[in-house]
Amino acid sequence: STTGNSSVVAIKDAKIAGLNCGACGYDECAKLPKPNDGFEFAGPFCAWRLVDLGIAIGSAAKTASMLNVDNRIMYRIGVVARKMGIIDGDVVLGIPLSATGKNIFFDR
């Protein structure tokens with residue numbers, strides 16, 4: 008018997024950090040263009056907001072792991088969830104979840 012599910016995490020209307028750090032490719036935050044809807048995600052965004060997304064999804068994956076739920080962060084799940092309207096986010100990542108005897112996300 009297999010039980011599985013997925014969770015998705017996204018950023019939506021992310022504001023700039025205001026650091027003028029240049030990580031986005033612009034020397035001033037004010038020069039970063041407004042996001043446009045791309046084929047899979049919207050962008051560009053402040054690099055620090057994408058770091059925030061990474062921290063959030065990493066924390067979610069770690070919490071699932073601590074609860075003995077197998078998981079793996081996946082790009083494509085986020086794209087599909089966004090295109091299907093399952094989540095209203097500009098950049099979306101997915102975490103498939105599984106509670107089985109063997110971790111189906113890693114072949115070791």
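Counting in the numbering used here, the sequence shown runs from 8 upward without gaps. We put the beta carbon where it would ideally sit given N, CA and C, even for glycine. As the structure is a prediction and not an experimental result, all values here were calculated from the model.
Should residue i and residue j be called a contact, given that it needs their Cβ atoms to be closer than 7 Å?
i: V2; j: A106; result: Past the edges of the chain, shown from 8 to 115, lies residue 2, and the structure says nothing about it.
i: V5; j: V99; result: With the chain represented from 8 up to 115, any question about residue 5 goes unanswered, as that position is not in the structure.
i: M81; j: G101; result: yes
Helix, strand or coil for residue i? Go by DSSP, reduced to three states.
i: V76; result: coil
i: I64; result: helix
i: D95; result: coil
i: A71; result: helix
Return the first residue and the last residue of the beta strand (DSSP E) that residue i is part of.
i: G85; result: Element bounds for G85: not the beta strand (DSSP E) but the alpha helix (DSSP H), Y82 to K90.
i: P103; result: V98 to S105
Taking the DSSP output, what are the residues bridged to residue i?
i: I18; result: V98
i: G32; result: Per DSSP, none; premise fails for G32.
i: D44; result: A49
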